[in-house]
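S.K.:
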Amino acid sequence: MDIVKTFINSPIGPKTTHFWGPVCNWGIVLAGILDSNKPPEKISPNMTTVLLCYSLMFMRFAWKVQPRNYLLFSCHICNTIAQSALLMKVIKYRRGLTV
Amino acid sequence: MTIFVHHVRNVLLRLPLSPRMKTLIDHPAGPLTIFFWCPFVKWMITFANIKDFKRPVENVSLNQQIAIFVTGAIWTRYCMVITPVNYSLMAVNATMGATGFYQICRKVKFYQQGGVDTAPAAPAPAEEKAQ
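Protein chains in written order, with the working numbering: chain E, 26 to 124; chain C, 22 to 152.
Pasting the structure below:
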């Protein structure tokens, strides 16, 4: 219980923006995971590439910001993996079309 | 990466620049730090979404646009309550949320008009050749 109370009152706890911002960013990760089941022509290569770069940069941001935001960091690691998977799917599909 | 940025910083500081430029280079949120480039990347998401306005509605991902809209909306509000208030990050999140909202409206209108997401396309030519 003490750990829970410490977390709730911490500078990156649920009473602060440092918590809810990353929680929203997990939505992008979930959307990416749900979209992996869809056909590849529905994936936007522009958006996927940009989201990949965005996550790479925000991984560094989450590490360097004060206070260090591990929730945001983990969110962007997962987003990098999810968007890379989507991008590989699109590239494979497009290569199949041009062959 | 950090060593590379360090080298760039040292090279720039050796140049005959005005004191104002040198302050900018050494600023804790200056162009050699990640804090400067993060809003820039968020603008790229906004522009990519605007470019995707031309994509057919069937190919718009509702999940992704809802996530973009919610992220943009919440970060806009919170940029106003953090210390110091970050107007540039607020602006980029507001615009990003607005583009997400527009895409959601497009998709909802498409569904209301009886539109259905198209089935998967025919197998790619490479697969046909393999067969």
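Cβ atoms here follow ideal geometry from the backbone N, Cα and C, with glycine treated the same way.
For E/M113, go through chain C and note every residue whose CB falls closer than 7 Å to its CB, in chain order.
M.R.: Against chain C, the beta carbon of E/M113 has no neighbour under 7 Å; the closest one sits roughly 15 Å away.
S.K.: Just checking my contact of C/V81 with C/L53 at CB under 8 Å: how many whole Å lie between their CB atoms?
M.R.: 37 Å between Cβ atoms; not a contact.
S.K.: Going along the chain, which residues of its own chain have a beta-carbon closer than 8 Å to the beta-carbon of E/I33, five neighbours each way excluded?
M.R.: P39, K40
S.K.: So is C/I55 in contact with chain E if we call contact Cβ pairs under 7 Å?
M.R.: yes
S.K.: Strictly under 7 Å for the Cβ-Cβ distance: is C/K72 near chain E by that measure?
M.R.: yes
S.K.: Where E/S128 and E/H101 are concerned, what is the direct C-alpha to C-alpha distance, given to the nearest angstrom?
M.R.: A query on residue 128 of chain E cannot be resolved here, the shown segment of chain E reaching from 26 to 124 and no further.
S.K.: Around the C-beta of C/Y99, are 16 or more other C-beta atoms found within 10 angstroms, so that it is buried, or is it exposed?
M.R.: buried
S.K.: Please go through the same chain and pick out, in chain order, the residues whose beta-carbon is closer than 6 Å to the beta-carbon of E/L112, but skip the five residues on each side of it.
M.R.: T73
S.K.: Between the region 120–139 of chain C and the region 86–98 of chain C, do at least 3 Cβ pairs fall closer than 8 Å?
M.R.: yes
S.K.: What does E/L96 touch in chain C if you count any residue whose Cβ is under 8 Å from its own?
M.R.: Per Cβ cutoff of 8 Å: no residues; E/L96 is ~14 Å from chain C at best.
S.K.: Take the Cβ of E/I28 as the centre, count every other Cβ of all protein chains shown within 10 Å, and call the residue buried at 16 or more, exposed below.
M.R.: exposed
S.K.: Here's the rule: buried if 16 or more other CB atoms are within 10 angstroms of the residue's CB, otherwise exposed. What is C/K43?
M.R.: Note on C/K43: under 16 other CB atoms within 10 angstroms of its CB, so exposed under the neighbour-count rule.
S.K.: By DSSP, does E/S35 sit in helix, in strand, or in coil?
M.R.: coil
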